[in-house]
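Notes follow the structure.
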Amino acid sequence: MRRTLAGLMITALIVVFLSIKLNAFRDYQIAEIGVYVTAVAGLSVLTGLSGQISLGHGAFMAIGGYTSALLLLHLGWPFIIVLLIAAAAPAAAGAIVGIAAARLRGPYLAGATLMLGVALPAIALAYPGTFGGDQGLNVVFTAPGWLGSSFPLTRWQAWVTTATALVTLFLLANLSRSRIGRNWRAVRDDEVAAALAGVNVAMSRVLAFVVSAACAGLAGALLAITTALVAPTAYTITLSITLLTAAVIGGLGTLPGAIWGSLIIVLVPTYITDLATSHGLSTKISANIPIAAYGLILILVMLAFPRGIQGAVRRLFVGFAQHEKEGTSESS
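Residue numbers for the sequence shown follow the numbering used here, beginning at 20 and rising by one.
This is how it looks when you write it as structure tokens:
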């Protein structure tokens, strides 16, 4: 655990350094990465550790985003409190979904969460007076005064999202190493054997959904302050699939994998779009190329590294360590 904490602290220092040295657009990208790391980490725990597939995590992000927007707009509460409530609201929704998930398996669970991801954001259209309809709600988020009037908002957004993501990773790392995490693995591997060993299978599955939904809610709140807007178009089924893609590419069940996956889904589209535009392709074609790039990267990673990027990194380090050990043995 000390190694995990040290790694997160080093990451925080690197982010602070980069946010100071880079321009506002790169700060915005760092903030985006922090948003996705928070959501993907929770989804990776749900799918990788407890073995439950969700195609509707964008709905939990929508709950967190709209909750934070309404609290900031009407009550003006401190953001820390808003963030906690934005995690609690989707966690309650996750408990309801988790109860249904305890009775569903495989494609049936995926289909149910897919319906949730499609239907829930449409509530904003049904109640435009509260949720702003298709125009959404504006979110006002400013840097604290003690940082000075000239402090860039994008840098503050990058710091806030990164800090939240790192705290989330630390808590999930502790949770995955605890008895709860071991129960999730037991349920994932063999529900019957887990039940015979005294594990409450249904409760474990529900708790996994609660934790994962809370992470998605945090990410939704962070996305709201990063984009300064919450609207139904931000939480489409495409977002849910993107989150799952990032979790698979990075490595299901691994928290560093959430970082790898988030880096890819944030940085690759910008790079590919700029490359396509520089080669004279139309804007319409350039906008669709990142989608194809996602699919290509996913296929390549699954063929070359079935356990994702983090699995490949781990295998590389293990192979290097074994090579060093063999070399030491031969020299002695």
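Backbone N, C-alpha and C define an ideal beta-carbon position, used for all residues, glycine too. Since the model is a prediction, treat every value here as computed from it, not as a measurement.
Taking residue i as part of the alpha helix (DSSP H), name the residues at either end of that continuous run.
i    : result
I118 : 98-120
W175 : 172-196
V220 : 220-246
T23  : 21-40
T57  : 43-63
G77  : 76-93
A162 : Counting along the chain, A162 falls outside any alpha helix (DSSP H), and DSSP gives it neither H nor E.
T149 : 147-150
L139 : From DSSP, L139 is part of no alpha helix (DSSP H); its letter is neither H nor E.
A212 : 210-215
Is DSSP giving residue i helix, strand or coil here?
i    : result
L352 : Residue 352 lies beyond the range of the chain shown here (20 to 351); nothing can be said about it.
L156 : strand
L123 : coil
A71  : The sequence shown places Gln at residue 71, not Ala. Q71 falls in the coil class under three-state DSSP.
G272 : coil
T257 : helix
P5   : The question about residue 5 has no answer, for the chain in this structure spans 20 to 351.
S168 : coil
Please classify residue i: is it buried, with 16 or more other beta-carbons within 10 angstroms of its beta-carbon, or exposed?
i    : result
R224 : buried
F170 : exposed
Q329 : buried
I278 : buried
Y47  : buried
S197 : exposed
H76  : buried
R207 : buried
R326 : buried
N219 : exposed
L322 : exposed
Bridge partners for residue i per DSSP, in chain order?
i    : result
V267 : For V267, which the question treats as bridged, DSSP gives no partner whatsoever.
V249 : L156
Looking at chain B, is there any beta carbon in it that lies within less than 7 Å of the beta carbon of residue i?
i    : result
A233 : In summary, chain B is missing from the structure at hand, where a single protein chain is found.
> Does the region 31-45 come close enough to the region 236-249 to have 3 or more Cβ pairs within less than 8 Å?
Replying inline: no
> Is the region 226-234 touching the region 63-71, taking contact as three or more C-beta pairs under 8 Å?
Replying inline: Yes, they touch.
>> For the region 75-94 against the region 119-139, do three or more pairs of beta-carbon atoms, one drawn from each stretch, fall closer than 8 Å, so that the two count as touching?
In response: yes
> Are the region 173-185 and the region 52-59 in contact at 8 Å, needing three or more beta carbon pairs?
Replying inline: Cβ pair count under 8 Å is three or more, so yes.
> Can at least three beta-carbon pairs, one atom from the region 144-160 and one from the region 79-97, be found at a separation below 8 Å?
Replying inline: yes
>> Measuring CB atoms only, is the region 247-256 touching the region 20-30, in the sense that at least three cross pairs come out at less than 8 Å?
In response: Of all C-beta pairs linking the region 247-256 to the region 20-30, fewer than three are shorter than 8 Å, placing the two stretches out of contact.
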